[in-house]
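Participant: Position 187 of the sequence shown, counted from 1, bears residue number 187 in the UniProt record's numbering, the numbering being contiguous throughout.
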Amino acid sequence: MLMEEKADLISSLPNEILHHIMSKVPLKEAVQISSLSTSWRSLMCPSRLSLSSKQELKQIIQSLSESAGPNGDLHLNFSQHNQHPLLSLFGLIIKQTSSPLSRPTFSVIKTLQLRSIFRLVGETVSDLCSSWSSIESLKIEKCSGLQSIEIESSQCLKNLEVSDCPSIARIVLASAQNLSSFSYKGAFALVQLLNVPNLVRAALDFRDGLGGSEFNCEDSLSLIYSVKDIESLQLSSWLIEALCSAGVIFSKLDFQFSRLKDLKVMCSQISAKTRDSFACFLHIAPAMEELNLIRMEEGLSNVEFPLNQHQNWHEPHLWKDYATVKDEAVGSDT
Numbered sequence: 001m002l003m004e005e006k007a008d009l010i011s012s013l014p015n016e017i018l019h020h021i022m023s024k025v026p027l028k029e030a031v032q033i034s035s036l037s038t039s040w041r042s043l044m045c046p047s048r049l050s051l052s053s054k055q056e057l058k059q060i061i062q063s064l065s066e067s068a069g070p071n072g073d074l075h076l077n078f079s080q081h082n083q084h085p086l087l088s089l090f091g092l093i094i095k096q097t098s099s100p101l102s103r104p105t106f107s108v109i110k111t112l113q114l115r116s117i118f119r120l121v122g123e124t125v126s127d128l129c130s131s132w133s134s135i136e137s138l139k140i141e142k143c144s145g146l147q148s149i150e151i152e153s154s155q156c157l158k159n160l161e162v163s164d165c166p167s168i169a170r171i172v173l174a175s176a177q178n179l180s181s182f183s184y185k186g187a188f189a190l191v192q193l194l195n196v197p198n199l200v201r202a203a204l205d206f207r208d209g210l211g212g213s214e215f216n217c218e219d220s221l222s223l224i225y226s227v228k229d230i231e232s233l234q235l236s237s238w239l240i241e242a243l244c245s246a247g248v249i250f251s252k253l254d255f256q257f258s259r260l261k262d263l264k265v266m267c268s269q270i271s272a273k274t275r276d277s278f279a280c281f282l283h284i285a286p287a288m289e290e291l292n293l294i295r296m297e298e299g300l301s302n303v304e305f306p307l308n309q310h311q312n313w314h315e316p317h318l319w320k321d322y323a324t325v326k327d328e329a330v331g332s333d334t
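1) Can you name the residues that DSSP bridges to residue 293?
2) Within its chain, find whatever has a CB closer than 8 Å to the CB of residue 194; leave out the 5 residues flanking it on each side and keep chain order.
3) Residue 126 and residue 150: beta carbons closer than 8 Å?
4) Which residue's Cα is closest to the Cα of residue 138: 179, 274, 196?
5) Taking just the CA atoms, how far does residue 161 sit from residue 242?
6) Go through its chain and collect everything with a Cβ distance to residue 148's Cβ below 8 Å, but skip five positions before and after it.
7) At the level of alpha carbons, what is the spacing between residue 152 and residue 12?
8) Quick one: grab the DSSP three-state call for residue 284.
9) Taking the alpha-carbon positions, what's the residue 188 to residue 235 distance?
10) Nearest CA to the CA of residue 255: which residue from 222, 200, 154?
11) Starting from the C-beta of residue 100, find all residues in its chain whose C-beta is less than 6 Å away, skip the five residues before and the five after it, and write them out in chain order.
12) Going by the CB atoms, is the gap between residue 288 and residue 267 shorter than 8 Å?
13) If distances are taken between C-alpha atoms only, which option among 271, 280, 233 comes closest to residue 253?
14) Tell me the rounded alpha-carbon separation between residue 313 and residue 186.
15) Would you say residue 232 and residue 207 are within 8 Å of each other, going by their C-beta atoms?
16) Taking its Cβ as the centre, do 16 or more other Cβ atoms sit within 10 Å of residue 272, making it buried, or is it exposed?
17) Hey, quick one: how far does the beta strand (DSSP E) through residue 236 stretch, first residue to last?
18) Quick one: grab the DSSP three-state call for residue 182.
19) Compute the Euclidean distance between the alpha carbons of residue 275 and residue 110, then round it to the nearest angstrom.
20) Measure the Cβ-Cβ separation of residue 144 and residue 158 and say whether it is below 8 Å.
21) Bridge partners of residue 193, per DSSP?
22) Give the DSSP-derived three-state secondary structure of residue 246 in the structure shown.
23) Is residue 222 near the ligand COA, with its Cβ less than 7 Å from a heavy atom?
24) Suppose you measure from the CA of residue 165 to the CA of residue 191; what does that come to, to the nearest Å?
25) First and last residue of the beta strand (DSSP E) that includes residue 117?
26) So, using beta-carbon positions, are residue 251 and residue 286 closer together than 8 Å?
27) Check residue 125 in the structure and name its three-state DSSP category.
28) Which term fits residue 217, buried or exposed, when burial requires 16 or more other beta carbons within 10 angstroms of its beta carbon?
29) Going along the chain, which residues of its own chain have a beta-carbon closer than 7 Å to the beta-carbon of residue 240, five neighbours each way excluded?
30) How many Å lie between residue 291 and residue 261 at the Cα?
31) Among 228, 177, 133, 140, which residue has its Cα nearest to the Cα of residue 197?
32) Using DSSP with H/G/I as helix, E/B as strand and the rest coil, what is residue 271?
33) Could you compute how far the alpha carbon of residue 245 sits from the alpha carbon of residue 238?
34) If you count every other CB in all the chains shown that lies within 10 Å of the CB of residue 48, and 16 or more means buried, which is it?
35) Identify the continuous beta strand (DSSP E) that holds residue 137 and give its terminal residues.
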């Protein structure tokens, strides 16, 4: 005799209660539970949100916080604006309020992804980070209206990724004690990473060249200095070439990449200038264990910085044998 099927008294509960239950279950068991029914499976998926432009800041933040997935993931994706014309009119603009937000529900947001929000302007990103101080991973991509990101302080942020935001000109991270990974992909921008003592990995992929910016040697050196203590670095070759062309002699700098073990170099072609410039750079990376050259895709920007006619290439002995260097030295003395 078959046992009577017991009534499912849990799946019919409100989503708020189900979210709370799922948050207490280990990930492996949560995945198994989500395969049992559609209602449970929907809890594991990022939420699709529709916001009213008339809502005040507190209502918006509260709504987004309560709509986050069980793992604290929140994805705002407007990449399908061609199929849905109304999405192209969406702009995420947040007004600063006089008092900080301190609702306990804000602690639920751990991962925030902003994608294809075409009018992401002003201090929106900064306001989001200050409102959701619990954010551990922030990913921003294809937000064409975004011009700057300034995060004054973040105690929880561990990962920051910015990619394919063509209007961005400035990224400032004033204090992020727990940041371990930073990644940027796009045109050259002013990047300032301040007080990031636990940064381990960084990707400075300026594959789109200078964009609308002018190359500034001092700002570039400041950026290089801010990542001097990392272990893994991905870098566009033209940045090092530009510094060499500007007269920077790496061996004369007052800092080294003493912990750098893994270096990935992005380049469209391996020229003599590329070879020589990175030979100079490796002079300040004594702990280097692995060097990888990554060929860039065709059609991507390549920046050329011709040497001044009156400027000698730095440290040529790195690519010449001792006898040749000695002969040239003797010849120059006669």
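We put the CB at the ideal spot given by N, CA and C, even for glycine.
Facilitator: Concretely, from the data shown:
1) 265
2) 172, 173, 174, 175, 226
3) yes
4) 179
5) 24 Å
6) 168, 169, 170, 171, 172
7) 43 Å
8) coil
9) 12 Å
10) Nearest to residue 255 by alpha-carbon distance, out of 222, 200, 154, is 222.
11) Reliability fails at residue 100, whose pLDDT of 43 lies under 50, so the model's placement of it is uncertain and no value is given.
12) No, these two residues do not count as a Cβ contact at 8 Å.
13) 280
14) Residue confidence for residue 313 is low, a pLDDT of 47 falling below 50, so the modelled location carries little weight; the figure read from the coordinates is stated next. Cα to Cα, residue 313 sits roughly 29 Å from residue 186.
15) no
16) Result: exposed.
17) 232-236
18) strand
19) Residue 275 and residue 110: Cα-Cα distance of roughly 42 Å.
20) no
21) 173
22) In this structure, residue 246 counts as coil in the three-state DSSP scheme.
23) This structure simply doesn't include the ligand COA, nor any ligand for that matter.
24) Within the model, the alpha-carbon separation for residue 165 versus residue 191 is close to 14 Å.
25) Run containing residue 117: none; DSSP gives neither H nor E here.
26) no
27) In the structure shown, residue 125 sits in a helix (DSSP, three-state: H, G or I).
28) exposed
29) Once the five neighbours on either side are set aside, the close Cβ partners of residue 240 are 277, 278, 281.
30) For residue 291 and residue 261, the distance between alpha carbons rounds to 8 Å.
31) 177
32) coil
33) 10 Å
34) Summary for residue 48: the model assigns pLDDT 47, below 50, so the residue's position carries little reliability, and this model does not support an answer.
35) 137-141
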